[in-house]
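Asks: Residue numbers (this note's numbering): 172 to 457.
Virtual Cβ for every residue (Gly too), placed ideally from N, Cα, C.
The structure displayed is predicted, hence computed values, not measured ones.
First the structure, which I've put down as structure tokens, then a few questions once you've had a look.
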């Protein structure tokens with residue numbers, strides 16, 4: 172009898188072990204997502220408010236390691252030592268000169284485009300604006316050099332209509348992502364819900380943001396500044412808090428993709444917006 176009891180106990184443990192090995196659930200499946208464990212109620216509220224003001228709709232996707240998509244691009248501006256590969260671009264149309272920087276295999280404008288495309292007026296198919304606070308011209312209100320610093324805001328149609336200088340073009344999602352993948356690859360190496368973790372902090376300027384946390388690091392000389400945007404009602408908003416750039420990649424006949432930097436977020440995220448919004452433009456070399 173005792174022998175049978177021992178055999179039954181042994182059989183039970185063998186079956187339990189086999190069942191555990193074949194189970195699709197593991198302790199890893201119960202871990203919290205990367206950004207959930209570090210998020211706060213305040214951060215969620217800010218994200219919700221920004222999304223509401225900008226009519227933002229964030230999509231979801233599975234987490235993918237950026238290290239499997241692109242090699243990490245080492246930062247070139249660290250601890251006061253700047254070894255970034257800079258250059259200059261002179262726009263033959265108006266004589267304006269822009270700083271450029273090479274990040275990975277691509278050469279980017281390191282400043283927002285400031286070309287006055289047509290005359291800003293309601294009803295035009297393609298226009299550019301300087302940021303306006305109520306009835307004040309942002310260039311005049313901010314003093315000399317303000318528009319040189321923050322650039323202009325463009326409808327998607329203007330951004331696509333050869334608004335970039337000759338030899339340069341509006342970057343596609345693929346080109347934006349190539350930079351974000353390389354930059355994020357040197358950090359957390361995660362791509363979650365269309366957000367490039369750490370890329371925001373690495374690419375934002377070290378000052379000029381209305382932030383409650385740390386400023387950016389500007390580790391690659393890309394120098395993202397918070398120019399804000401203009402919505403389809405003509406409202407200019409979020410200057411000092413957000414920088415939003417057009418992509419040449421269309422979502423539909425009415426919407427195109429954008430890339431968003433926000434003051435308190437370490438990441439950059441992708442969204443889609445109507446083409447009659449006005450956002451900043453950075454050009455990339457052909």
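Starting from the Cα of residue 408, find the closest Cα among 448, 442, 389 and give me that residue.
Replies: Residue 408 has its Cα closest to that of 448, out of 448, 442, 389.
Asks: Quick check on the burial criterion: 16 or more other C-beta atoms within 10 angstroms. Buried or exposed for residue 245?
Replies: Label assigned to residue 245: exposed.
Asks: The beta strand (DSSP E) with residue 171 in it runs from where to where?
Replies: Since the displayed the chain opens at 172 and closes at 457, residue 171 lies outside it and no answer follows.
Asks: In whole angstroms, what is the alpha-carbon distance linking residue 326 and residue 439?
Replies: 21 angstroms
Asks: Touch check for the stretch 329 to 342 and the stretch 365 to 383: three-plus C-beta pairs under 8 angstroms?
Replies: As far as the Cβ criterion goes, the stretch 329 to 342 does not touch the stretch 365 to 383, which means the pair count is below three.
Asks: Just to confirm, is the Cβ distance from residue 432 to residue 420 under 7 angstroms?
Replies: no
Asks: Going by DSSP, what residue range makes up the alpha helix (DSSP H) through residue 319?
Replies: 317 to 321
Asks: Using DSSP with H/G/I as helix, E/B as strand and the rest coil, what is residue 227?
Replies: Confidence at residue 227 is low in this model, with a pLDDT of 37, below 50, so its placement is unreliable and the value that follows should be read with caution. Residue 227 falls in the coil class under three-state DSSP.
Asks: For residue 319, which residues of its own chain have a beta-carbon under 7 angstroms away from its beta-carbon, when the five flanking residues on both sides are left out?
Replies: 285
Asks: Taking the CB atoms as reference points, tell me whether residue 347 and residue 434 lie closer together than 7 angstroms.
Replies: no
Asks: What whole-angstrom Cβ distance do residue 268 and residue 257 have, given they're in contact under 8 angstroms?
Replies: Incorrect: roughly 12 angstroms between the Cβ atoms, too far for contact.
Asks: Residue 398 by DSSP, collapsed to three states: which one?
Replies: coil
Asks: Considering residue 278, what are the terminal residues of the beta strand (DSSP E) in which it resides?
Replies: Taken as a continuous stretch (DSSP letters only), the beta strand (DSSP E) holding residue 278 covers 277 to 280.
Asks: Would you check if the distance between the CB atom of residue 372 and the CB atom of residue 396 is smaller than 7 angstroms?
Replies: It is not a contact, given that the beta carbons lie outside the stated cut-off.
Asks: Have a look at 398, 426, 441 and flag the residue whose alpha-carbon is nearest the alpha-carbon of residue 317.
Replies: 398
Asks: Give me the Cα-Cα distance between residue 354 and residue 323, rounded to the nearest whole angstrom.
Replies: 26 angstroms
Asks: Rounded to whole angstroms, what's the CA-CA distance from residue 451 to residue 345? Just pull it up for me.
Replies: 18 angstroms
Asks: Determine, using beta carbons only, whether residue 455 comes closer than 7 angstroms to chain B.
Replies: Given the protein chain composition of this structure (a single chain), no chain B is represented.
Asks: Under a Cβ-count criterion, where at least 16 other Cβ atoms within 10 Å of its own Cβ denotes burial, should residue 405 be classed as buried or exposed?
Replies: exposed
Asks: Expressed to the nearest angstrom, what Euclidean distance is found between the alpha-carbon atoms of residue 275 and residue 252?
Replies: 19 angstroms
Asks: What would DSSP say about residue 432, mapped onto helix, strand or coil?
Replies: strand
Asks: Go ahead and label residue 384 buried or exposed: buried means 16 or more other beta carbons lie within 10 angstroms of its beta carbon, across all protein chains shown.
Replies: exposed
Asks: Please work out which residues of its chain come closer than 7 angstroms, Cβ to Cβ, to residue 338, disregarding the five sequence neighbours upstream and downstream, and give them in chain order.
Replies: 456, 457
Asks: With distances taken Cα to Cα, identify the nearest neighbour of residue 279 among 436, 401, 403, 340.
Replies: Of 436, 401, 403, 340, the residue nearest in Cα terms is 340.
Asks: Using DSSP with H/G/I as helix, E/B as strand and the rest coil, what is residue 271?
Replies: strand
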